[in-house]
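When you line the sequence shown up against full-length UniProt numbering, it's residues 1 to 446, in that order. The C-beta atom is built at its ideal place from N, Cα and C for all residues, glycine as well. Since we're looking at a predicted model, the values are computed, not measured.
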Amino acid sequence: MGFLSELFLNFLFQYFKFIFICYITRVIIIATNLNLNFLNEVYFYFIDCIHDFLEADCPQTIFDIDSKKSNNIIDGRKYFKLTHVKKIREDTFLNSSILKKDTANYVFDIGNNLFISGFEAIIEDDVITALEHHTDYTKYQFAFNPNNLKGILHKTIAYIIQIYRFTFLMPLRIFFILTSVNSFIIAWIYDKHWKLTNYQRKYMGQFGCNLILASFGAYVNFHDKENKPVSPGFITVNHMSPSDAFPLYIDTDLSNDSIFHITGQKGKGIIKIFQMIVGSILPTYWVNRHNQSERKHFLNKILHIAKNEGLIVIFPEGYCSNGKKLLQFRKSIFVDNVNIYPIAYKQNSKYNDIFWWEDDFPDFFIRQLISLGISYDIYYLPKLIKNSNESEEEFAYRTSEVIASKLGTTALPWSGEHIYKKEIKEKIKNDIQKTILGAFKYKFNL
1 MGFLSELFLN
11 FLFQYFKFIF
21 ICYITRVIII
31 ATNLNLNFLN
41 EVYFYFIDCI
51 HDFLEADCPQ
61 TIFDIDSKKS
71 NNIIDGRKYF
81 KLTHVKKIRE
91 DTFLNSSILK
101 KDTANYVFDI
111 GNNLFISGFE
121 AIIEDDVITA
131 LEHHTDYTKY
141 QFAFNPNNLK
151 GILHKTIAYI
161 IQIYRFTFLM
171 PLRIFFILTS
181 VNSFIIAWIY
191 DKHWKLTNYQ
201 RKYMGQFGCN
211 LILASFGAYV
221 NFHDKENKPV
231 SPGFITVNHM
241 SPSDAFPLYI
251 DTDLSNDSIF
261 HITGQKGKGI
271 IKIFQMIVGS
281 ILPTYWVNRH
291 NQSERKHFLN
301 KILHIAKNEG
311 LIVIFPEGYC
321 SNGKKLLQFR
331 KSIFVDNVNI
341 YPIAYKQNSK
351 YNDIFWWEDD
361 FPDFFIRQLI
371 SLGISYDIYY
381 LPKLIKNSNE
391 SEEEFAYRTS
401 EVIASKLGTT
411 ALPWSGEHIY
421 KKEIKEKIKN
431 DIQKTILGAF
441 KYKFNL
């Protein structure tokens, strides 16, 4: 028994020693700004090779179809219910037993419900594809699930990958997060007593952001650096996750005095604490978008900075999306005499989907900790300014189209509010109902 205990303790010691060596090596690489991107490329190539081997034993034709859910398309709309007049019955849509009876009472119900659900489907399919987890991620991860494999060797490799996620990646990334938080706290304490120079502030910000990206396994490629933003102005970026501001900081030039000002929605719980920690040494502005007076003060503040002083990082979509489509940009910052620097974030979603689709932040956070990694491509796009004959809405949409074009997708006339905010949904419903009623009146001379 004593021998087994000693063996187990020795195993734990060697395990934590290995984790610590990997951790301290990565921290030193980050602190010294060594460029070892080729190692990331080798890593992802190795992951692709494993995936291809497993996928050969994992046909993508395996689907778990719920017959109950597929029996009634009418009630299947998840996010956007256009009206409440649809019949709430199990027999509302093409139920075989009802059709056999051919009861006249159901003819109008079927036609009406099908017509309404068609409109709902168009709205959902236009918007919801940007608000769900990326299909590339789902398809790629399918092969790493041991339950989807048949061969013993394939299952064994898949289980090894699962063990690798939880026993190596997860503890290592937790150390990176804790080190990042501690580095911000130490810098804040130092700044209170001796004051950080701009160089020190930017270096610590870059160091902390690099550690945060390391905790997600992020590999970032920057393109078209000749278009990098120059103060003053707004940096407008498509929004995928709470960590979107961090990749920009790792590409900051430490030799000049320009520093990014980060903006965003006030968070709760863990996010609020982290916002406070980051804001202790970096200029940040958080707003409660449900408070009108706070929004107005926030807008005036950032407009003043963007016109005169510095660079404001802002996410005009207001809501996270998966990058498959761009949500509508809010018009408030797209005014005269302001430089707009669009930046396109493009993720390789197969390794990990950085989009925050979970209901709770801890679920999103854990998924990032055990992910295989995330590959970013960040494109700096040419500066834009508002034309004299252009409205704020038109300029905002033109900016979103520039980013969408670089991503190879489309800019939507819909925002996340059309899905998440009840009052906006009700307004859209009423507008659509009025349009449909007007069309019927015109068609049938009612």
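### Query
Residues bridged to residue 261 by DSSP?
312
### Query
Along the chain, which unbroken stretches of the beta strand (DSSP E) at least 3 residues long are found entirely within the segment 232-310?
233-237, 260-265, 284-287
#### Entry: Residues near residue 393 by beta carbon distance below 7 angstroms, same chain, minus five either side
331
### Task
Identify whether residue 375 lies in helix, strand or coil by the three-state DSSP scheme.
strand
### Query
With a cut-off of 8 angstroms, do at least 3 Cβ pairs link the segment 201-208 to the segment 310-324?
no
### Query
Does DSSP put residue 402 in a helix, a strand or coil?
helix
### Message
Please state whether the Cβ-Cβ distance between residue 209 and residue 245 is less than 9 angstroms.
### Response
yes
### Message
Suppose the cutoff is 8 angstroms on Cβ atoms and the five residues either side in sequence are ignored; what does the same chain contact list for residue 275 look like?
### Response
264, 266, 267, 284, 286
### Query
Would residue 183 pass as a contact of residue 222 if the rule is Cβ separation under 9 angstroms?
no
### Query
Going by DSSP, what residues sit across from residue 221 in a beta bridge?
377
### Message
So, with DSSP's three-state summary, where would you put residue 196?
### Response
coil
### Task
Check the DSSP bridge columns for residue 214 and list the partner residues they point to.
Answer is none; residue 214 lacks a bridge partner.
### Query
What are the partner residues of residue 186, as DSSP defines its beta bridges?
Looking at the DSSP assignment, residue 186 forms no beta bridge with any residue, so it has no partner.
### Query
In chain order, what residues of the same chain have a beta carbon less than 7 angstroms from the beta carbon of residue 449, not counting five sequence neighbours either side?
Absent from the structure is residue 449, since the part of the chain shown begins at 1 and ends at 446.
### Message
Counting beta carbon pairs with one atom in the segment 332-340 and one in the segment 348-365, are three or more of them shorter than 8 angstroms?
### Response
no
### Message
For residue 193 and residue 381, I'd like the C-alpha separation in whole angstroms.
### Response
40 angstroms
#### Entry: Assigned secondary structure, residue 326 (DSSP; H/G/I helix, E/B strand, else coil)
strand
### Query
Just the Cα atoms here: how many angstroms apart are residue 248 and residue 259?
11 angstroms
### Query
When burial is assigned at 16 or more other CB atoms within 10 Å of the CB, is residue 163 buried or exposed?
exposed
### Message
Please state the DSSP three-state secondary structure of residue 340.
### Response
strand
### Query
Going by the beta-carbon positions, is the gap between residue 57 and residue 131 smaller than 9 angstroms?
no
### Query
Which residue's Cα is closest to the Cα of residue 117: 433, 422, 438?
433
### Residue nearest to residue 233 in terms of C-alpha spacing, selected from 385, 8, 54
385
#### Entry: Alpha carbon of residue 307 to alpha carbon of residue 271, nearest angstrom
29 angstroms
### Query
Touching or not, the segment 211-231 and the segment 294-302, by the rule of three or more beta carbon pairs under 8 angstroms?
no
### Query
How should residue 321 be labelled, buried or exposed, when 16 other C-beta atoms within 10 angstroms of its C-beta is the threshold for buried?
buried
### Task
Output the boundary residues of the alpha helix (DSSP H) element that contains residue 5.
2-31
### Message
Taking 8 angstroms as the cut-off, does the segment 11-28 touch the segment 167-180 (at least 3 CB pairs, one atom from each stretch)?
### Response
yes
### As assigned by DSSP and simplified to three states, the class of residue 352
coil
### Task
Indicate the three-state DSSP secondary structure (helix, strand or coil) for residue 153 in the structure shown.
helix
### Task
Name the residue from 226, 49, 48 whose alpha carbon lies nearest to the alpha carbon of residue 379.
226
### Query
Near residue 55, which residues of its chain fall below 7 angstroms by C-beta distance, leaving aside the five closest residues on each side in sequence?
143
### Query
Helix, strand or coil for residue 56 per DSSP?
coil
### Status (buried if at least 16 other CB within 10 Å, exposed otherwise) for residue 417
buried
### Message
On a Cα-Cα basis, can you pick out the residue from 324, 198, 291, 220 that is closest to residue 254?
### Response
198
### Task
Rounded to whole angstroms, what's the CA-CA distance from residue 195 to residue 189? Just pull it up for me.
9 angstroms
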